[in-house]
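No gaps in the numbering here: position 363 of the sequence shown is 632 in my numbering, and each next residue is one more. Glycine included, each C-beta is placed from N, C-alpha and C at the ideal position.
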Amino acid sequence: MRRDEQAARQDAATDAEVKEREGGDRARPPGWHTGWVMKIGLIGLPKSGKTTLFNLLTGAHVATSRYETGRAELHTGIARVPDERVDRLSDLFKPKKTTYASFEVVDLAGIAKGEHAGLEAKEFRNADALLHVVRAFADDLQGAPDPKRDIVDLDTELILADLEVVERRLERLEASIKKRRTDAEVKEQEILRRLKERLETETPLRAVELTDDDAKAIRGFTFLSQKPILHCLNVDEKAIAEGERAADAYGLAEVAARPHTRIGWVSAVIESEVAQLAGEEQAAFLADLGLKEPAIHRVLRDCYALLGLISFFTVGEDEVRAWPIPHGTRAQDAAGAVHSDIARGFIRAEVTAYDELIASHGSFAEMRAKGHLRLEGKDYHVRDGEICHFRFNVGKG
Ligand SMILES: Nc1nc2c(ncn2[C@@H]2O[C@H](COP(=O)(O)OP(=O)(O)O)[C@@H](O)[C@H]2O)c(=O)[nH]1
Ligand SMILES: [Mg+2]
C-alpha cells in the first residue's frame, strides 16, 4: 500500500476500529488456551534472506529470488523446535507418536527505510515476536553489509509506526474527554502521553518498563516496537567460522544487552545445503564446518525463548509430547494446553523433573517409591522440562 493511501485509510479509522483492535483476537489470553499457537514474524529489508530463512525454519519450499518480484509475499508455516529431551523420552517410551513443540512463522513483506506505513498491516501487529533477518553477507547489487545501520533503521520504522498509532489515539481521546470525561479515558491518555515521550526520544517500547496494569491497558494496541526481537545476522558463507563472533565484529554488543532483544546468526546459504543432507553425510558436512548441529536448530530455540515459551512433557506409550507454554504458566492453564476439559476438571498435577525420569529409566513406580513424584495444585508454576500427568474429573458440568 502506498503511503498516501495508507494515511487516508488511517484517517478513516474510527474509535470502533480501535476498540475492536483492543479486544482483538491476538491480544494474549490471560490463561493458556487449548490450541493457542504463538507466532513469530520475519521482518527485514528486501533481499536480506527472509524467505530463505522461512524455508529453513518451517521446512517449506517457497521460491526465493535475487531480484524484486514486485509481489507482496506472505507465507505462513509451522516450525518444530528440536529438543534432545524429547528424542531421549521417545527412545525410552517408544510411543506410537512423538510430537515436538512448535510455533508459527510468518514471512512478511520486506520493509525498506521510510516504509513504516506498510507496518500497519495486521500480519505485523499479530506477531507475538519479531525475527529480524539482517544481511551480513556481501552482495554485488546491495554492496557491503552494515548490520548496525539496518538494525537502527528497522527500529526507527517500528517506533514511527507506533508513534502514529499513539498520536492518532491521543487526538481522539482528547476530543472524547472534552465531551465527556471518564476515568478510564483519562488514565489511558496519561499512559499514552508517557509512551509518546519515550517514542519521541527514539526509545522502543520494549525498553520501557510498565506496571502490569499499564501493560494490560495498552495490550490491545499490539505496538510493534514493544514486541521482543531477535536480530539474526545472515552471515557470509565464507565467514561461517567467525559466526560466533559476528555480533562483536559488527559492534552489536550494546544492542544485545537491550531488554527483550537477542542477537543470533546463521548462514542461510549453508543451512540450505545442510538441510539437503541427512544422517552421516550431514554430520560429516557439519563437522567440516566446525558445527555440532545445524545452526538453524539454535535459531529455532532462540525464537522459542524469545516468544517466552518453555516446554513441559507428557509421556506414555501412545505419545511423547512437548507442550509449549509461556514461562510462569499455572498448572491448571498448562492442563488447558492439552485439553480444555482437563483444565476444567483439574484436580492435581503429578510432576517430576526430566532428569529424575531419566534416572529412573522411565519407571513411575520407582519415582513414586523414591518420592520423586510431586503432587501440585492448580496454582503451581510449571517449569521447563517437567513431566506432568494431570488428574482430572470428567464431571457432568
Ligand atoms: N550470498 C548469500 N546470498 C543469500 C544469503 N541468504 C539469501 N541469499 C540470497 O539473497 C536472495 C534473496 O533471498 P530471499 O530469502 O528471497 O530474501 P527476502 O527478500 O528477504 O525474502 C536470494 O537470491 C538468496 O539466495 C546468504 O546468506 N548469502
Ligand atoms: Mg521474501
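If G614 sits next to V663, beta carbons under 8 Å apart, how far is it from one beta carbon to the other, in whole angstroms?
Against the sequence shown, residue 614 aligns to sequence position 345. Against the sequence shown, residue 663 aligns to sequence position 394. Correct: roughly 6 Å between the Cβ atoms.
Among Y649, E433 and G533, which has the Cα closest to the Cα of Q601?
The residue labelled residue 601 in the question sits at position 332 within the sequence shown. Looking at the Cα atoms, Y649 is the closest of the given residues.
Reference A405; option with closest CA among A430, C501, S580 and V524:
As a first step, residue 405 is located in the sequence shown; it is residue number 136 there, counting from the start. Nearest C-alpha to A405: C501.
Let me confirm a value: E655 is counted as buried when at least 16 other C-beta atoms fall within 10 Å, else exposed. Which label applies?
Looking up residue 655 in the sequence shown gives position 386. Buried.
According to DSSP, simplified to helix, strand and coil, what is A296?
Within the sequence shown, residue 296 is the residue found at index 27, counting from 1. Here the model assigns A296 a pLDDT of 45, short of 50, so the residue's position is not dependable and the matter cannot be decided.
Return the residue from the list I498, D482 and T345 that minimises the CA-CA distance to I420.
In the sequence shown, the residue the question calls residue 420 occupies position 151. Taking only the C-alpha atoms, the option nearest I420 is I498.
Using only the alpha-carbon positions, how far apart do A378 and T530 sit?
By 1-based counting over the sequence shown, the position of residue 378 is 109. By 1-based counting over the sequence shown, the position of residue 530 is 261. Rounded to whole angstroms, A378 to T530 spans 22 Å at the Cα level.
Quick check: the Cα distance between H401 and D424, rounded to an integer number of angstroms?
Sequence index remark: in the sequence shown, residue 401 carries index 132 (1-based). Sequence index remark: in the sequence shown, residue 424 carries index 155 (1-based). Straight-line Cα distance between these residues: approximately 10 Å.
Quick check on the DSSP output: what are the complete alpha helix (DSSP H) runs of length 4 or more inside the segment 340 to 365, in order along the chain?
353 to 362
Exposure of A516, with buried meaning 16 or more beta-carbon neighbours within 10 Å
For the purposes of this step, residue 516 is taken as the residue at position 247 of the sequence shown. Label assigned to A516: buried.
C-alpha distance - T303 paired with H608, whole-angstrom precision
As a first step, residue 303 is located in the sequence shown; it is residue number 34 there, counting from the start. As a first step, residue 608 is located in the sequence shown; it is residue number 339 there, counting from the start. Looking at the two C-alpha atoms, the distance is approximately 6 Å.
Going by other Cβ atoms of all chains shown within 10 Å of its Cβ, with 16 needed for buried, is A604 buried or exposed?
In the sequence shown, counting from the first residue as 1, residue 604 sits at position 335. A604 is buried by the Cβ-count criterion.
Would you tell me roughly how many angstroms separate the C-alpha atoms of S317 and I380, rounded to the nearest one?
In the sequence shown, residue 317 corresponds to position 48, counting from 1. In the sequence shown, residue 380 corresponds to position 111, counting from 1. Each residue's alpha carbon lies about 10 Å from the other.
Taking only runs that begin and end inside the segment 437 to 506, name each unbroken alpha helix (DSSP H) of 4 or more residues, in chain order.
452 to 469 and 481 to 487
Taking just the CA atoms, how far does I428 sit from W592?
The residue labelled residue 592 in the question sits at position 323 within the sequence shown. The residue labelled residue 428 in the question sits at position 159 within the sequence shown. Approximately 34 Å, taken between the alpha carbons.
Nearest-angstrom Cα separation, counted from V434 out to V455
Here the question's residue 455 lines up with position 186 in the sequence shown. Here the question's residue 434 lines up with position 165 in the sequence shown. So the alpha carbons of these two residues sit roughly 17 Å apart.
Span of the beta strand (DSSP E), counted from its first residue to its last, around I532
Residue 532 sits at position 263 when you count from the first residue of the sequence shown. Per DSSP, I532 belongs to the beta strand (DSSP E) from T530 to V535.
How about K319 and A396: do their beta carbons lie closer than 8 Å?
What you label residue 319 is simply residue 50 of the sequence shown in a count that begins at 1. What you label residue 396 is simply residue 127 of the sequence shown in a count that begins at 1. No, the pair does not count as a contact, with Cβ atoms beyond the cut-off.
Could you compute how far the alpha carbon of A430 sits from the alpha carbon of A453?
As a first step, residue 430 must be located in the sequence shown, where it is residue number 161. As a first step, residue 453 must be located in the sequence shown, where it is residue number 184. Taking the straight line from one Cα to the other gives about 24 Å.
Does the count of Cβ pairs from the segment 610 to 628 and the segment 568 to 580 closer than 8 Å reach three?
no
Tell me where the beta strand (DSSP E) around H566 begins and ends.
Translated into positions along the sequence shown, residue 566 becomes position 297. Run containing H566: none in the beta strand (DSSP E); it sits in the alpha helix (DSSP H), A564 to L575.
Can you look up E384 in the DSSP assignment and give me helix, strand or coil?
For this step, residue 384 is matched to residue 115 along the sequence shown. E384: coil per DSSP, three-state reduction.
Are the beta-carbon atoms of G328 and V375 separated by less than 8 Å?
Along the sequence shown, read from residue 1 onward, the residue named residue 328 stands at position 59. Along the sequence shown, read from residue 1 onward, the residue named residue 375 stands at position 106. No, they are not a contact pair.
Where do the N-terminal and C-terminal ends of the alpha helix (DSSP H) with T327 fall, by residue?
For the purposes of this step, residue 327 is identified with residue 58 of the sequence shown, where counting begins at 1. From DSSP, the alpha helix (DSSP H) with T327 extends over K319 to T327.
Relative to ligand 2, is the shortest distance from any of its heavy atoms to the C-beta of T480 smaller than 7 Å?
Sequence index remark: in the sequence shown, residue 480 carries index 211 (1-based). False, no ligand heavy atom lies under 7 Å from that Cβ.
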